[in-house]
Structures are given as structure tokens and as C-alpha cells.
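Remarks on the structure that follows.
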Amino acid sequence: MLDGRVSPAVELSDAALVDIVLRGESEAYARLVARYRDRYARFALHMLGNREDAEEALQDAFVRAYRSLHRCGDPARFGSWLLAILANRCRTSGGRRARHERRFVSAEDRHYAIALDHPADASAWREEIGRALARLDPDQREAFLLKHVEELEYEQMSAITGAGVSALKMRVKRACERMRRSLTEGEDAPAR
Amino acid sequence: MRQHDEFAGKEPDDDILERAVNELRRPLRVNAALFDARVMDELLRTPTGLRERFESLVRPRTFRISPLVAFAAGLLFTVSIAGSVLYVLSSTPPARERTVARTVPGAPMVEFGFAAPHASSVALVGDFNNWDPKATPLRAASTGGVWSVEVPVPPGRHLYAFVVDGKVWRPDPAAPKATGEDFGEPNSALTVADPRGGR
Amino acid sequence: MTRRSVALFAAAAISLAPAVLRAQDARLDARLDARTRDAVVSLIDSARAEGIPSEPLVQKALEGASKHADGSRILTAVRALSRELGDARAALGPTSTEAEVIAGASALHVGIAPEALAHMRASRAHGSLTVALAVLTDLVARGVPGDTATTVISALASAGAQDAELLRFQQGVERDIAQGATPSAAVGVRAQSAFPSAAPRRTP
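Chains as they are written, first to last, in the numbering used here: chain A, -17 to 174; chain B, 43 to 241; chain C, 3 to 206.
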């Protein structure tokens, strides 16, 4: 039984950690942050297109989740609940940079999935993918990322986005079509 | 390898989307210490869960003294824009940092910043001010708990740190660390380029 | 320098610069106990006699004082720094500037070999090595192997990289490491994109 101080060595479930935090051990929240930070940073980055906005959105999402933790319906599914908050944050606030700059302007600080064992032209490829993503509607981009990068089931995606399964399937299909066109035809691909 | 239903097909182009997805799936790693500290710091400032002993868990945030900034400060000399102020946006984390470089005869001006919302004083110490905690106090901003100061720093490599509340020694988490500590307390390193040279 | 000429030089240095010595004494007086101060001043005097810059030694002593280190630890640190400054000066040559020697000493401090410093000097005959040496130091402090760092920075320097580019390079490597790259890989990738012709071949 826990006496209030959580031993770092113990690997606790999301539900257990949420429970601990709600009982007053706020520092335990740091473990949830560590658990989801990198994975959701990836999603935020691909949604928003630049690092600064992604980290800001992610930070925001963690803070909001903490503040409304008592309203998390199912603590065992904290991860999905957090992702929903993040997705919503990405959709509504977007990013300051995105509003004022053309996305993916320079390769340097846009993509951080560092290619450690790929040749230097990998960054050009990542840029291209980024541009293709940027050309999608936000709804399509979100659905595409949740399905193919986060690898979620449509039911989960529906809970996260609030959209119906068939609408989501349509968005994913459209997104794939546009991505494919963008990537094969390059920058001149007509937006449809 | 997973089968992607949407990708199943005979066209060779299907491969390109699959390749793109594989690229997008590559794991990302955030600067954990900085990110976690910012989140926890933000959380613990809210009425729920604010406890003093978390101070020790929350490392003070800083916005780093980008070497590029130090160089940019020097760059002003070569461009000779007397009396004007240029803004330099650093591209390193954290994002919102800005530094102001001014032309001043002599050493380039470098802005040092340190975020410590609960501190009552923050001082800059380094090999350019005799490591004297009384020499260069930082000024607190009106909001956000960010302290800053601008000082002239001669070209070259320098060691520095911050002293919080007159006693707690803190390096700059985002700046290069100076290893091989002589006295147990960590330092940070700063390189200021000579505005005249460097070729 | 022969011992005799060192002694003469020392005598000359002391007699010619009493005002400066007194100024140093004032700073050290205020912050060190008498015994430590005497020992430190003596060390500094010997160093100056050999052409080693004294200001970094004074600063090192003051750093120790501010950190409340005991006298023997301060002396050890000042002595070590004096040696590193001397070695750096020898490796970089007598025409090196004080800033170069200080940066060189920090490079030696993190374990970079004196030969590497000499190699850097050879690869960039004109222009200051200060920033190059500082970047080299910071890379090694960050975990890049000394050989790799030296090769890359020398290559960049001799390929004509300016100080700004070297600093940007270092920033980029720091960022990559923070995002999960190993230090060597980060340096390798950055070097390739910065100077494709100058980058070393990647070791597996």
C-alpha cells in the first residue's frame, strides 16, 4: 500500500498515477508527463509543423489535463483523454508561428526526427513530407496522423475527435489521396 | 510489417505513402529536463497542489544565452549601426526568448536571463565580474518570474552561473556545461565572438 | 627560456608592474585568507614570469572563494589552470592571443590533447582560434569523442568556416543531442550538411 511517497522504481499504471495525483501527490504527475511527452510531441509536431508551437501546445495540454484531472472519466484511459485535449488544442489554437509564417520554411528547425543513419538528403525528404502534410485540411491531417502515425482504431479516434467513424474514414481516405499526390507530383500538385 | 489496408494496391506509388508514414512514425525526443520542469512549474503555480517542497523538484527555467546572440551582439560592431537596437530571435529552446543587442564601445553586450518565479534575488557570477554575487544582480520582470540583465562580456570563452537568493548556485540548464568542476558547483560556458575577427 | 633569463624576466616583471600586482592583491585580499592569498599570488607571479596570462588565474581563485572552497582546493585549481594555460600557449605558439590561450586551456581541461591544439593552429594559420577552440571544448564536454570533434572542427576551420558558423554548428549539435542523437552521430550529420566536402567519413 502506498504511504504517499511513490518509489521511482515502481512502474505504475495510468489509473494508479491519476489516483495518486488526485489524492494530493502532485509530483506523481511528472511520471505521466514523462510517459506521454515524446509520443505526443510527435503528434503535435506533425499537426502544427514546427517545434515551438508543438512544445507549447503539448505543455498546455499537460497543464489543462492536470487542472481538470478530476473530470477524467476513465483514469485507465488517461492517455486517450490527454490526446483528446492535445488534439483539441492543436485544432483551436494552432500555433503562433503557423499564423505568421509559411510552414516548413527552412529545414533546420522544422523536423526533429533526426535521421541518424540516413544520408544528408533525408532532411529534404522530411521537408517534403512536412509540406504534403501542411497542404491537408486540419481535420484530414489530424485523422491521418491518428490513424497511420498514432495507429489508433477508428473507435478511439472517434472518442478523441468527437467525429463519427464514417466521417473519420472519409477524412483518412482523402488525406491519403492528397498525400500520395503531393508526394509523387511535388509542389505543383493541385489542392483539392 | 503491418499491412495498411489503404495502402494495399498494385500501383508503385503506394510505396511512397508507406515510406512517408514510416518516416512520420520515427520517435521524437523532447528535451526532457526542460520540458518537464516547465510543465511542473506551471502546474505547481496553480492553487491546487502548490506545495513548497516541490521547489526542489522544479529546476529554475532559463532562456539560454545563445552563443549566436553573443555573436550577433558583436556583429553590430561590424555593421556599424550606431545607437540603434537590433532584435535577434534565437532559434534554440525555449522559443519565446528574445535578446536585445546594443552597440556599446568595448565589449559586446550579452543579455542573461533566468526564470525563477519564487526567488527573491538572482545574481550573475562569472569570470568577467570576479564571481562576485553582489556585482551583477538581475532585474525581475513585472510578470512571469523572469530575471534578466545585460552586461558587456569581452570576446572569448567564459564561465558563469547564477546565484539564487544569495546562496543557491545554478548553472544555465540550456547552455553548454563546463565540465571538470574545480569547486563542486557547476558552471556554464559562454563563447563570445570577437566582432572584429573570426576569419 | 633559461632559468637565468626566467629569473631576470621575473624580476623585471615584478618591478615593472607593481601597480597591477597591487590591484590583483586587492581583489584577492578581500576574498581569500592571508595564507591562501600569499600562495596564490606566488603562483600567479611565476606564471606571469613565463608569459602565462594572469587574469584567468585571478578569476579562478575568486571563483573558488565565491564557492567557499578551502584554500588547498583553490591552490590546486589555480596550479592546474596555470599548467593548462602554459601547455596551451606552447601548443598554440607564442603569437597566440590571451583569449586563444584561455580557450586552449579549457580544451586541454576536458582532455583534448596538446597535439590537437597545434593541429588546429596549423589548419587555420590566420584568424583567431578562440571560437574554434571553445566550440571544440563544448562538443567534447557534451560527449563527442575528442578525435572526432578535433577532426571536424579542424576541417570546418580550414574549409573557411567563420566564427558564426562554428557557433551555429555547435548549437545545432546541442539541439540534436537534446533530441536523442548520440553526440558522435549529431556531429557527423551536422558536419555533412554544413560542409559536405570537409566532413570526415563516418565510422560505423
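For glycine and all other residues, C-beta sits at the position ideal for the given N, C-alpha and C.
Kindly indicate the opening and closing residues of the beta strand (DSSP E) around residue i.
{"i": "Arg153 of chain B", "result": "Note that residue 153 of chain B is Glu in the sequence shown, not Arg. Counting along the chain, the beta strand (DSSP E) containing Glu153 of chain B begins and ends at Met151 to Ala157."}
{"i": "Arg212 of chain B", "result": "Val210 to Arg212"}
{"i": "Glu37 of chain A", "result": "Unbroken run through Glu37 of chain A is the alpha helix (DSSP H), Arg33 to Arg49; no beta strand (DSSP E)."}
{"i": "His200 of chain B", "result": "Gly198 to Val206"}
{"i": "Thr233 of chain B", "result": "Asn229 to Val234"}
{"i": "Leu166 of chain B", "result": "Val164 to Gly168"}
Assuming residue i is part of the alpha helix (DSSP H), what are its boundary residues?
{"i": "Asn70 of chain A", "result": "Phe60 to Thr74"}
{"i": "Arg123 of chain C", "result": "Pro116 to Ser125"}
{"i": "Gly148 of chain C", "result": "Gly148 to Ser160"}
{"i": "Pro72 of chain B", "result": "First, the amino acid is wrong: residue 72 of chain B is Val here, not Pro. From DSSP, Val72 of chain B is part of no alpha helix (DSSP H); its letter is neither H nor E."}
{"i": "Pro194 of chain B", "result": "That residue, Pro194 of chain B, is in no alpha helix (DSSP H); its beta strand (DSSP E) goes Val188 to Pro194."}
{"i": "His130 of chain A", "result": "No alpha helix (DSSP H) contains His130 of chain A, which DSSP labels as neither H nor E."}
{"i": "Thr97 of chain C", "result": "That residue, Thr97 of chain C, is in no alpha helix (DSSP H); it is neither H nor E in DSSP."}
{"i": "Val42 of chain C", "result": "Ala36 to Ala51"}
{"i": "Cys158 of chain A", "result": "Val147 to Glu167"}
{"i": "Gly174 of chain C", "result": "Asp165 to Ala180"}
Taking C-beta to C-beta, are residue i and residue j nearer than 8 Å?
{"i": "Arg153 of chain A", "j": "Gln122 of chain A", "result": "yes"}
{"i": "Leu66 of chain B", "j": "His28 of chain A", "result": "yes"}
{"i": "Asp236 of chain B", "j": "Ser125 of chain C", "result": "no"}
{"i": "Leu76 of chain B", "j": "Ser8 of chain A", "result": "no"}
{"i": "Arg199 of chain B", "j": "Ile54 of chain C", "result": "no"}
{"i": "Ser68 of chain C", "j": "Trp189 of chain B", "result": "no"}
{"i": "Leu141 of chain C", "j": "Ala109 of chain C", "result": "no"}
{"i": "Ala62 of chain B", "j": "Leu(-1) of chain A", "result": "no"}
{"i": "Val167 of chain B", "j": "Pro196 of chain B", "result": "no"}
{"i": "Gln41 of chain A", "j": "Arg68 of chain B", "result": "no"}
{"i": "Gly148 of chain C", "j": "Ile114 of chain C", "result": "yes"}
{"i": "Ala151 of chain C", "j": "Val189 of chain C", "result": "yes"}
{"i": "Val72 of chain B", "j": "Arg19 of chain A", "result": "yes"}
{"i": "Val3 of chain A", "j": "Ala10 of chain A", "result": "yes"}
{"i": "Ala51 of chain C", "j": "Gly66 of chain C", "result": "no"}
{"i": "Asp207 of chain B", "j": "Ala161 of chain B", "result": "yes"}
{"i": "Asp47 of chain C", "j": "Gly73 of chain C", "result": "no"}
{"i": "Leu150 of chain A", "j": "Met139 of chain A", "result": "yes"}
{"i": "Leu119 of chain C", "j": "Ala161 of chain C", "result": "no"}
{"i": "Leu45 of chain C", "j": "Arg81 of chain C", "result": "yes"}
Answer with buried or exposed for residue i, where buried requires no fewer than 16 other C-beta atoms within 10 angstroms of its C-beta.
{"i": "Asn64 of chain B", "result": "exposed"}
{"i": "His52 of chain A", "result": "exposed"}
{"i": "Arg113 of chain A", "result": "buried"}
{"i": "Glu176 of chain C", "result": "buried"}
{"i": "Thr132 of chain C", "result": "buried"}
{"i": "Thr74 of chain A", "result": "exposed"}
{"i": "Glu102 of chain C", "result": "buried"}
{"i": "Val127 of chain B", "result": "Here Val127 of chain B scores only 24 on pLDDT, less than 50, and its place in the model is too uncertain to base an answer on."}
Given that residue i touches chain C, what residues does it touch there, using C-beta distances under 8 Å?
{"i": "Lys176 of chain B", "result": "In chain order: nothing, as chain C lies at least about 10 Å away."}
{"i": "Gly226 of chain B", "result": "Lys69 and Ala71"}
Within a Cβ cutoff of 8 Å, which residues of the same chain sit near residue i, ignoring the five residues on either side of it in sequence?
{"i": "Asp31 of chain C", "result": "Arg39"}
{"i": "Ala107 of chain C", "result": "Pro58, Leu83, Glu86, Leu87, Asp89 and Ala90"}
{"i": "Ile96 of chain A", "result": "Low confidence applies here, because Ile96 of chain A scores a pLDDT of 30, under 50, leaving its location unreliable and the question unanswered by this model."}
{"i": "Ala36 of chain A", "result": "Ala23, Ala26, Leu27, Met29, Leu30 and Gly77"}
{"i": "Gln172 of chain C", "result": "Val137, Asp140 and Leu141"}
{"i": "Ser88 of chain A", "result": "Only weak support exists for where Ser88 of chain A lies, its pLDDT of 31 falling under 50; the value from the coordinates is given anyway. Excluding positions up to five away in sequence, the list is empty."}
What residues of chain C sit near residue i, judged by a beta carbon separation below 9 Å?
{"i": "Pro197 of chain B", "result": "Ala101, Ser130, Thr132 and Val133"}
For a contact defined as C-beta to C-beta under 8 Å, what are the partners of residue i on chain B?
{"i": "Leu30 of chain C", "result": "Near Leu30 of chain C there are no residues of chain B at all, since even the closest Cβ is about 10 Å away, more than 8 Å."}
{"i": "Glu135 of chain A", "result": "Result: empty, since nearest Cβ-Cβ is about 12 Å, beyond 8 Å."}
{"i": "Asp140 of chain C", "result": "Pro218, Ala231 and Thr233"}
{"i": "Asp47 of chain C", "result": "None at all; the shortest Cβ gap to chain B is about 19 Å."}
Mind listing the chain A neighbours of residue i? Cutoff is C-beta to C-beta under 8 Å, in chain order.
{"i": "Val63 of chain B", "result": "His130 and Val131"}
Only counting the same chain, and skipping five residues up and downstream in sequence, which positions put a Cβ closer than 7 Å to that of residue i?
{"i": "Gly174 of chain C", "result": "Arg192"}
{"i": "Asp1 of chain A", "result": "Pro57"}
Output, in chain order, the set of chain A residues within a Cβ distance shorter than 9 Å of residue i.
{"i": "Arg212 of chain B", "result": "Within chain A, no residue comes near Arg212 of chain B; the closest Cβ sits about 20 Å away, beyond 9 Å."}
{"i": "Leu166 of chain B", "result": "The premise fails here: Leu166 of chain B is roughly 26 Å from chain A at the closest Cβ pair, so nothing lies under 9 Å."}
Listing by chain order, which chain B residues have their CB less than 9 Å from the CB of residue i?
{"i": "Leu27 of chain A", "result": "Leu70"}
{"i": "Val45 of chain A", "result": "Val81, Glu84, Leu85 and Thr88"}
{"i": "Leu165 of chain A", "result": "Asp55, Ile58, Leu59, Arg61 and Ala62"}
{"i": "Gln41 of chain A", "result": "Phe77, Arg80, Val81 and Glu84"}
Would you say residue i touches the ligand MG, meaning its beta carbon is less than 7 Å from a heavy atom?
{"i": "Phe25 of chain A", "result": "In terms of ligand content, the structure shown is empty, and the ligand MG therefore cannot be addressed."}
Excluding the 5 residues preceding and the 5 following residue i in the sequence, name in chain order all residues of the same chain whose CB lies nearer than 6 Å to its CB.
{"i": "Glu227 of chain B", "result": "Trp211"}
{"i": "Ala220 of chain B", "result": "Leu201, Asn229 and Ala231"}
{"i": "Ala177 of chain B", "result": "Asn171"}
Going along chain A, which residues have a C-beta under 7 Å from residue i?
{"i": "Ala158 of chain B", "result": "What Ala158 of chain B touches in chain A: nothing, since even the nearest Cβ is about 18 Å away."}
{"i": "Leu66 of chain B", "result": "His28, Ile111 and Val131"}
Just to make sure I have the definition right: I need the residues of chain B whose C-beta is within less than 7 Å of the C-beta of residue i. Which are they?
{"i": "Ala136 of chain C", "result": "Arg199 and Thr233"}
{"i": "Asp20 of chain A", "result": "Pro69, Leu70, Arg71 and Val72"}
Mind listing the chain D neighbours of residue i? Cutoff is C-beta to C-beta under 7 Å, in chain order.
{"i": "Ser98 of chain C", "result": "Chain labels in this structure do not include chain D; the protein chains are A, B and C."}
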